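Inspection log for the structure reproduced underneath, given as structure tokens.
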Amino acid sequence: MLELFIVSIQTALPLCLAVSILVASRAHAPMERQTVAKLTFASTAIGLLGAGVFTWLRLNTPHVDIPVFTAWAGIALFITMFAFLVMLWLFGDRDLHDINQGMRHRGLTVTAILAICTSALYYAVPYFYSTDSIVHTGGSVFETASLLRLAGFSLGTILAVVACWGYVQCAKKVPWWVRTLVTSVVFMAMILPRMILLYQQFATRRIVPSFPGLFDIVLWIQRNEAMTQLILVFLIAFPGFIALWTQVKKPPHNPA
1 MLELFIVSIQ TALPLCLAVS ILVASRAHAP MERQTVAKLT FASTAIGLLG
51 AGVFTWLRLN TPHVDIPVFT AWAGIALFIT MFAFLVMLWL FGDRDLHDIN
101 QGMRHRGLTV TAILAICTSA LYYAVPYFYS TDSIVHTGGS VFETASLLRL
151 AGFSLGTILA VVACWGYVQC AKKVPWWVRT LVTSVVFMAM ILPRMILLYQ
201 QFATRRIVPS FPGLFDIVLW IQRNEAMTQL ILVFLIAFPG FIALWTQVKK
251 PPHNPA
């Protein structure tokens, strides 16, 4: 139970955090809310469906190559995330829900929706793949051990969802530059290690040149994955501390 609880948090946290930040960063006028919500739902569903199909094929057939999938999905994730971060900094302190939506509003929304699809596709595969450990081979989901593992996995998922929901709520109460800076650092902490691993994969196949120390960097990333998760947890809590400190320092309202 404890093992799957930890695995669930490690695999669900990047997925939930990426999607929740991107959802909160969409720009749209109040009357466009339903349209943007439908596009977001479709983008998320496509990403999750693609991840689910790939995971099922990987578990049940020998015809799926994980390195190839990681390469293509990782490249798509990097491109869409980079485009989103560029648009986020160009957007500045503008109102996300201004009635007069400009080109920067549209650009931010489009890149966010595309990044939601690639994030769901890339980060959902490890999450779905880890569900295979809930029921062992030859066992049943109704066994006590399986139910305990399912409970631990579900609890970890719920905790990750609640933490990311709290981050989004607190991020709305901090200055735009704090929100933008934290978002950038979070995504860099999530993407850069993956891109280094992807580069090492290409270097192994002699597609790109290698360099001294690459193997040591990859080994360090793999050994310190837990530390990366702790950094993400701290970054999630940071806007909450800022919002709480701002509320405490705010002068009391004068009825007069």
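Numbering (full-length UniProt numbering), first residue to last: 1 to 256. All C-beta atoms in this analysis are idealised placements derived from N, C-alpha and C, irrespective of residue type, glycine included. This one's a predicted model, so the numbers in the text were calculated from it and none came from an experiment.
Legend entry - Rounded C-alpha distance that separates Ser119 from Leu197: As a working mapping, residue 119 is identified with position 119 in the sequence shown. As a working mapping, residue 197 is identified with position 197 in the sequence shown. Whole-angstrom Cα-Cα distance: 17 Å.
Inset, instruction - Look at the alpha carbon of Leu192 and the alpha carbon of Pro126, and state the distance between them as a whole number of angstroms. - result: The sequence position of residue 192 within the sequence shown is 192, counting from 1. The sequence position of residue 126 within the sequence shown is 126, counting from 1. In a straight line, the C-alpha of Leu192 is about 17 Å away from that of Pro126.
Inset, instruction - Flag this pair as yes or no: are the beta carbons of Ala115 and Thr80 separated by less than 8 Å? - result: Residue numbering aside, residue 115 sits at position 115 when the sequence shown is read from its first letter. Residue numbering aside, residue 80 sits at position 80 when the sequence shown is read from its first letter. Yes. Within cutoff.
Legend entry - Classification of His253 by the beta-carbon crowding that lies within 10 angstroms, buried from 16 upward: Position 253 of the sequence shown, counting from 1, holds the residue named residue 253. Because the pLDDT of His253 is 47, which lies under 50, any placement of that residue in the model is unreliable, and the question is left without a value.
Legend entry - the region 51-65 / the region 219-226 touching (three or more Cβ pairs under 8 Å): Taking 8 Å as the limit for Cβ pairs, the verdict is that the region 219-226 does not touch the region 51-65.
Legend entry - CA-to-CA distance, Leu22 to Thr183, given in whole angstroms: Locating residue 183 in the sequence shown gives position 183, counting from the first residue. Locating residue 22 in the sequence shown gives position 22, counting from the first residue. So the two alpha carbons sit approximately 9 Å from each other.
Inset, instruction - Return the first residue and the last residue of the alpha helix (DSSP H) that Asp216 is part of. - result: Along the sequence shown, read from residue 1 onward, the residue named residue 216 stands at position 216. Secondary structure note for Asp216: its alpha helix (DSSP H) is the uninterrupted segment 214-223.
Inset, instruction - Have a look at Tyr199, Ile231, Ala237 and flag the residue whose alpha-carbon is nearest the alpha-carbon of Val68. - result: Locating residue 68 in the sequence shown gives position 68, where the first residue counts as 1. Minimum Cα-Cα distance from Val68 among the listed residues Tyr199, Ile231, Ala237 corresponds to Tyr199.
Legend entry - Beta-carbon contacts of Leu214 that lie in its chain and below 7 Å, excluding the five residues immediately before and after: Here residue 214 refers to the residue found at position 214 when the sequence shown is read from its first residue. Counting only Cβ-Cβ distances below 7 Å, and skipping sequence neighbours, we find Gln200, Ala203.
Legend entry - CB-CB length for His111 against Ala71, believed under 8 Å: Within the sequence shown, the letter at position 111 stands for residue 111. Within the sequence shown, the letter at position 71 stands for residue 71. Sequence inspection shows Thr at residue 111; the His mentioned does not correspond to that position. Not confirmed; about 22 Å, so no contact.
Inset, instruction - Starting from the Cα of Leu150, find the closest Cα among Val162, Val135, His63 and give me that residue. - result: The sequence position of residue 150 within the sequence shown is 150, counting from 1. Minimum Cα distance to Leu150 is reached at Val135.
Legend entry - Nearest residue (CA-CA) to Asp132, options Leu121, Ala237, Ser146: The sequence position of residue 132 within the sequence shown is 132, counting from 1. Ranking the options by Cα distance to Asp132, first place goes to Ser146.
Legend entry - Sub-8 Å separation of Trp165 and Ser8 beta-carbons: Indexing the sequence shown from 1 puts residue 165 at position 165. Indexing the sequence shown from 1 puts residue 8 at position 8. Going by C-beta atoms, Trp165 is not nearer than 8 Å to Ser8.
Inset, instruction - Give the straight-line distance between the Cα atoms of Phe5 and Ser130, rounded to the nearest whole angstrom. - result: Along the sequence shown, read from residue 1 onward, the residue named residue 5 stands at position 5. Along the sequence shown, read from residue 1 onward, the residue named residue 130 stands at position 130. Phe5 and Ser130: Cα-Cα distance of roughly 11 Å.
Inset, instruction - Go through its chain and collect everything with a Cβ distance to Leu155's Cβ below 7 Å, but skip five positions before and after it. - result: In the sequence shown, counting from the first residue as 1, residue 155 sits at position 155. Around Leu155, the same chain offers Phe5 as residues with beta carbons nearer than 7 Å, after the five sequence neighbours per side are excluded.
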